[in-house]
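*Asks:* Have a look at this one before I ask anything.
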């Protein structure tokens, strides 16, 4: 039998934009939308990239941190913070006993973590997740976020490595700011079933402000 | 005739940029920076609108959005505030509230019958005879309201943004500017808001013929511009104060919700009109309006005018008028002692006649009340508030400027919880108690002299800085010196009335007197009876005068009357601003795009959008649902059930948690087995049901109905906290997709995709197994919600679309048919399964549903058990029964919620009903009285058309499900 691939939770909304699709980390995603020059321009003004395809591993329970550390993954010491827990891998501490590990474009820790048989581990339970995840970049990104989120997300207010769990466009979401290839970007994760809605709202505002969709290829070429 | 003045220092218009527009069909020109009103005034147009009630001609009153004399429509927008909305090319404007144009308004006759229409007349009239009320209602509705709502108004997105700062300064007059600069210099991040298009407040118009104020303004504005700590929102108003210093700032393009650590309200004061006969004629205006006209827009307010005053400001206005070339024929000062300062002397030296202890008894109109022909002035006794008409003198003039006092613009401060005290030195309410982080500065705080206002801004800024952790030297402010800026009773009674207090609602002095006579002599009652302050201006030019009148009527000091609180928003705000962008968060499964492409008709279930059925050309919804249901009964169907709530309960106490949370027994449940779960609330009311599958010794997988999932999961979390069990809840609703494959050929189709045995022997009802489909791990659960032969297939949601496609392909030869929720409801009804929320309501207990089998009353505890024990001791009043209509029934199909009737009395209601092609008749569920619930009993249902359908109680399922 043929190995199945996953589809991005945003795919239905993206296909209206006639993107060039491809498979990344086992998921069908939009690689590019328009001419690369235009996407680069969008990226600089307000670019929105769907990175739902990044591999993730989540764990919850009193011994979750201990279990991750045993697997060689560093974890943030405080709640609502994130760090690079392994090369190319973000570790987000979502609560006292809950963590989300996400491989970035170059990371591969999640594959290893999924490979561990965890069924007999007490007080550390693997959490099946399906996230819609986005990267927002550009000079107008705070303008966009000021419409979607009631929190102060400016540099002075959102500390480095801080993680906020808040409402974005009326739905629960997690947000961090990070530096990506020297560019300051915001990362958003939300429930995958809201992914299409979130994508449509982000793109609607981005286009109003002179930005738009940015494919994976442009973002990580 | 042009009233445009030569170029003025600091004017807001750009004379090199002409703008062309029409008003009432006539072409006019103005300049960039003009408001609609200023451009019309410059063109010599004085009549800008008609009053709301009596249709009296109206011109400029405040030129500041403190009144609604000049409301216009451009055909798309209505009630455009002409005084403050800037002119743009091509505008085609008309006054609102006219019938035939602003000059020839056919409704102007109402003014002549105004004695028949006192305030509150409509409360008392038109009730008898009752048969005529519909006629009067139409007349009143036609007359009521301003402007015509444009139902074809396009959706224009007005963004609602969030902004943050250390200190929000509201008002950019001398106090606000000083406060903002000082706060910024102390390292605070400042947002400065002003409703005017340019900064400066009164510094942009109140000059008293000098240039000193302009120099102060220039210096302050330069410092604001130079500060990187100050962000300016001009042309935007702070619309209200909300908890935690949240202030929505409304601009033309949207709303910014500012959250500040502290707020300084330097909101100034509204000039209040003195009240005399015909004080509403076009050409009679507030002194500050005349100043705005001259200095901001370079327009002469009138050629020959008099100034009716009761304070020093009137003298400043007179000096400005003189400088602009207006012939000031006299100053009429209500106060016997007049004004004794340099400005009064200067005016006298310039030959202006000053009548102290005089009032304007009436403004004399010219034909049609379209303007001022003169004024009748009389000696005035302040002690008795009476005019000596015997000594009346007529003065010729074409305009009157009025300056008698101020009302603090304290709406936001009131909303914040400010306490006030009445200061007799300035005849004004001033703050005596402000919430932490809220400060007042300038006129709203009782500081009137320019130096005092600047100092008060600095004081407020210092207090804010110290509050926010800076160390700044406190500032002091000199108390008010000189005469009071407001007169305690600037009212001239007149036997003919038409001395207006509230220009929005055409309310005269006598209306207050009559209201008090009828017992409405409390400020709140009087406001509601007279409607003073309830027009679009929200009392900006009338509330303080209303308080003064009521104080006089009741012979009480003003402070005993109190004040009303204007609610947010500060100015009427378009609905589009309040709506902002459409945020309709909706949840979609990963298969949604396929459903769309397949022609699904969607239905909202909670936040989800689900296919109700798949449309087919030429078939009705009912026909499609029946076709889809027959496919399931005869072959195989599949439905995307990914919307089901799904929760993993893990840990040593997982079974104990379920034992307490649900009504059944789970402790002894074996791994790989599924059991029905029923959730009650503490009153024993049924809340939800689902399936719990034990997938490990310490792990259960629980499903929750789609719409209830968020609420049930919250309850799970709450009870876990309460019980302090060693269990962990994981909401995996979105993580797993679910496809329900149902029908006699379901086994056949599914078996093509998995390697394990799915036969009845290997996987009977109530069992689950782990399997793989194309390498993807799936869980298959036998559950009989829509058919006995049904499999729920759970998979990581990212794979759901491709597994859906695989199933479609695998079932092609078996005639697999996707079906939606409407069909699902019919299928489960055919099996006799009640749906929580459909066949239950907020009071239904399990006994009424005949669900005793789901209750393990021998358990020590489950939610609702104690209530059930009490309920069980009482006789039941109703029961849910399956019913059928006769096979040959031809009447109207009963609907959900049709009533069960017995001898004319209501005995119950239908909860679900449909025609079942499998049963060949109409089937349903209904609540009936207990004596009607026996098998074979016939009861009556009243359909929508009032006819009776006879239903028979039967067993479910309604057909041979095997």
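Chains as they are written, first to last, in our numbering: chain A, 3 to 223; chain B, 50 to 1011. For glycine and all other residues, C-beta sits at the position ideal for the given N, C-alpha and C.
(1) For the beta strand (DSSP E) holding residue 358 of chain B, just list the boundary residues, first then last.
(2) Of the residues that make up the region 173-207 of chain A, which ones have a beta carbon closer than 9 Å to any beta carbon in chain B?
(3) Whose CA, out of B:226, B:265, B:208, B:281, lies closest to the CA of residue 208 of chain A?
(4) In the DSSP output, what is residue 323 of chain B paired with across the bridge?
(5) Comparing the C-beta of residue 209 of chain B with each C-beta of chain A, is any distance below 8 Å?
(6) Based on the DSSP secondary-structure assignment, which residues constitute the bridge partners of residue 314 of chain B?
(7) Does DSSP put residue 42 of chain A in a helix, a strand or coil?
(8) Assuming residue 96 of chain A contacts residue 168 of chain A (C-beta within less than 8 Å), just tell me the rounded distance between them.
(9) Count the C-beta pairs between the region 872-881 of chain B and the region 734-744 of chain B that are closer than 8 Å, then say yes if the count reaches three, no if not.
(10) Which same chain residues, not among the five before or five after residue 1011 of chain B, have their C-beta less than 6 Å away from its C-beta?
(11) Helix, strand or coil for residue 285 of chain A per DSSP?
(12) Where does residue 834 of chain B fall in DSSP's three states?
(13) Is the CB-CB distance between residue 386 of chain B and residue 368 of chain B below 8 Å?
(14) What residue does the beta strand (DSSP E) around residue 94 of chain A start on, and which one ends it?
(15) Less than 8 Å between the C-beta atoms of residue 290 of chain B and residue 242 of chain B, yes or no?
(16) Near residue 836 of chain B, what residues of its chain come up, given a Cβ to Cβ distance below 6 Å and the 5 sequence neighbours on each side ignored?
(17) Using the rule of at least 16 other Cβ atoms within 10 Å of the residue's Cβ for burial, across every protein chain shown, is residue 30 of chain B buried or exposed?
(18) Using only the alpha-carbon positions, how far apart do residue 673 of chain B and residue 873 of chain B sit?
(19) Which word fits residue 660 of chain B, buried or exposed, when buried means at least 16 other C-beta atoms lie within 10 angstroms of its C-beta?
(20) In chain A, which residues lie less than 8 Å from residue 634 of chain B when you measure between Cβ atoms?
(21) Any C-beta of chain A sitting closer than 8 Å to the C-beta of residue 1019 of chain B?
(22) In chain A, which residues lie less than 8 Å from residue 845 of chain B when you measure between Cβ atoms?
(23) With a threshold of 8 Å between beta carbons, is residue 220 of chain A in contact with chain B?
(24) Does chain B have any CB closer than 8 Å to the CB of residue 112 of chain A?
(25) Name the residue from B:587, B:769, B:815 whose alpha carbon lies nearest to the alpha carbon of residue 612 of chain B.
(26) If residue 400 of chain B and residue 421 of chain B are in contact, beta carbons under 8 Å, what's the gap, nearest whole angstrom?
(27) Just to confirm the assignment, what range does the beta strand (DSSP E) spanning residue 970 of chain B have?
(28) Using 8 Å as the Cβ pair cut-off and three pairs as the minimum, do the region 401-421 of chain B and the region 377-393 of chain B touch?
(29) Any C-beta of chain A within less than 8 Å: which residues of the region 795-821 of chain B qualify?
(30) Check for me: the alpha helix (DSSP H) holding residue 818 of chain B runs from which residue to which?
(31) One question on the structure: do residue 454 of chain B and residue 220 of chain B come within less than 8 Å of each other, judged by their Cβ atoms?
(32) Taking residue 825 of chain B as the query, report the chain A residues whose CB atoms sit under 7 Å from its CB, ordered along the chain.
(33) Between the C-alpha atoms of residue 59 of chain A and residue 138 of chain A, what's the straight-line distance to the nearest angstrom?
(34) The beta strand (DSSP E) with residue 2 of chain A in it runs from where to where?
(35) Residues of chain B with a CB under 7 Å from the CB of residue 152 of chain A: which are they?
(36) Could you check whether the Cβ of residue 744 of chain B sits closer than 8 Å to any Cβ belonging to chain A?
*Replies:* Let's see:
(1) Taking the first residue of the second chain as 1, we reach residue 358 of chain B at position 309. Run containing residue 358 of chain B: 353-358, per the beta strand (DSSP E) assignment.
(2) Listed by position along the chain: 173, 193, 194, 195, 196, 197, 198, 199, 200, 203, 206, 207.
(3) Working through the first chain from its first residue, we reach residue 208 of chain A at position 206. Taking only the C-alpha atoms, the option nearest residue 208 of chain A is B:208.
(4) Sequence index remark: in the second chain, residue 323 of chain B carries index 274 (1-based). DSSP output for residue 323 of chain B lists no bridge partner at all.
(5) As a working mapping, residue 209 of chain B is identified with position 160 in the second chain. Chain A contact via Cβ: present.
(6) Looking up residue 314 of chain B in the second chain gives position 265. For residue 314 of chain B, which the question treats as bridged, DSSP gives the partners B:219, B:489.
(7) Along the first chain, one-based indexing puts residue 42 of chain A at 40. Helix at residue 42 of chain A.
(8) Reading the first chain from its first residue, position 94 is the one you call residue 96 of chain A. Reading the first chain from its first residue, position 166 is the one you call residue 168 of chain A. Between residue 96 of chain A and residue 168 of chain A a beta carbon distance of about 13 Å is seen, past the 8 Å cut, so the two are scored as non-contacting.
(9) Cβ pair count under 8 Å is below three, so no.
(10) Taking the second chain and counting its residues from 1, the one referred to as residue 1011 of chain B is at position 962. Caution applies to residue 1011 of chain B, whose pLDDT of 41 falls short of 50 and renders its modelled position unreliable; the value that the coordinates give is listed next. Apart from sequence neighbours up to five positions away, no residue of its chain approaches residue 1011 of chain B with a beta-carbon distance below 6 Å.
(11) One cannot answer for residue 285 of chain A here, as it falls past the ends of chain A, which runs 3 to 223.
(12) Looking up residue 834 of chain B in the second chain gives position 785. Assigned with DSSP and collapsed to three states, residue 834 of chain B falls in coil, not helix or strand.
(13) Position 337 of the second chain, counted from the first residue, corresponds to residue 386 of chain B. Position 319 of the second chain, counted from the first residue, corresponds to residue 368 of chain B. Not in contact: residue 386 of chain B and residue 368 of chain B (Cβ atoms no closer than 8 Å).
(14) Within the first chain, the letter at position 92 stands for residue 94 of chain A. Residue 94 of chain A -> beta strand (DSSP E) spans 91-97.
(15) Stepping through the second chain from its first residue, residue 290 of chain B is reached at position 241. Stepping through the second chain from its first residue, residue 242 of chain B is reached at position 193. No, these two residues do not count as a Cβ contact at 8 Å.
(16) Looking up residue 836 of chain B in the second chain gives position 787. Sequence-distant Cβ neighbours of residue 836 of chain B in its own chain, meaning closer than 6 Å and more than five residues away, are 681, 791, 792.
(17) Any property of residue 30 of chain B remains undetermined from this structure, which presents chain B solely from 50 to 1011.
(18) Counting from 1 along the second chain, the entry for residue 673 of chain B is found at position 624. Counting from 1 along the second chain, the entry for residue 873 of chain B is found at position 824. Each residue's alpha carbon lies about 12 Å from the other.
(19) Residue mapping note: residue 660 of chain B aligns to position 611 of the second chain, counting from 1. Around the Cβ of residue 660 of chain B, a 10 Å sphere holds 16 or more other Cβ atoms; the residue is buried.
(20) Residue 634 of chain B sits at position 585 when you count from the first residue of the second chain. Those within 8 Å of residue 634 of chain B in chain A are 171, 172, 173, 196, 199.
(21) One cannot answer for residue 1019 of chain B here, as it falls past the ends of chain B, which runs 50 to 1011.
(22) Working through the second chain from its first residue, we reach residue 845 of chain B at position 796. Per Cβ cutoff of 8 Å: 8, 130, 132.
(23) Against the first chain, residue 220 of chain A aligns to sequence position 218. False, the Cβ-Cβ gap to chain B never drops below 8 Å.
(24) In the first chain, the residue the question calls residue 112 of chain A occupies position 110. Put simply, the CB of residue 112 of chain A is far from chain B, with every gap to its CB atoms at 8 Å or more.
(25) Numbered from its first residue, the second chain carries residue 612 of chain B at position 563. That would be B:587, whose Cα lies nearest to the Cα of residue 612 of chain B.
(26) Here residue 400 of chain B refers to the residue found at position 351 when the second chain is read from its first residue. Here residue 421 of chain B refers to the residue found at position 372 when the second chain is read from its first residue. Rounded to whole angstroms, the Cβ separation of residue 400 of chain B and residue 421 of chain B is 22 Å, and the two are not in contact under 8 Å.
(27) In the second chain, residue 970 of chain B corresponds to position 921, counting from 1. 970-978 is the extent of the beta strand (DSSP E) around residue 970 of chain B.
(28) By the criterion of at least three beta-carbon pairs nearer than 8 Å, the region 401-421 of chain B is in contact with the region 377-393 of chain B.
(29) Of all residues in the region 795-821 of chain B, none is placed with a Cβ closer than 8 Å to any Cβ belonging to chain A.
(30) What you label residue 818 of chain B is simply residue 769 of the second chain in a count that begins at 1. Note, residue 818 of chain B: premise wrong, no alpha helix (DSSP H); beta strand (DSSP E) at 817-822.
(31) As a working note, residue 454 of chain B is residue 405 in the second chain. As a working note, residue 220 of chain B is residue 171 in the second chain. 8 Å or more divides the Cβ of residue 454 of chain B from the Cβ of residue 220 of chain B.
(32) Stepping through the second chain from its first residue, residue 825 of chain B is reached at position 776. Correct list: 6.
(33) Against the first chain, residue 59 of chain A aligns to sequence position 57. Against the first chain, residue 138 of chain A aligns to sequence position 136. Approximately 22 Å, taken between the alpha carbons.
(34) An answer regarding residue 2 of chain A cannot be provided, because it is not within the stretch 3 to 223 covered by chain A.
(35) Taking the first residue of the first chain as position 1, residue 152 of chain A is located at position 150. Close to residue 152 of chain A, with beta-carbon spacing below 7 Å, are these residues of chain B in chain order: 211.
(36) By 1-based counting over the second chain, the position of residue 744 of chain B is 695. No, residue 744 of chain B does not count as interfacial toward chain A.
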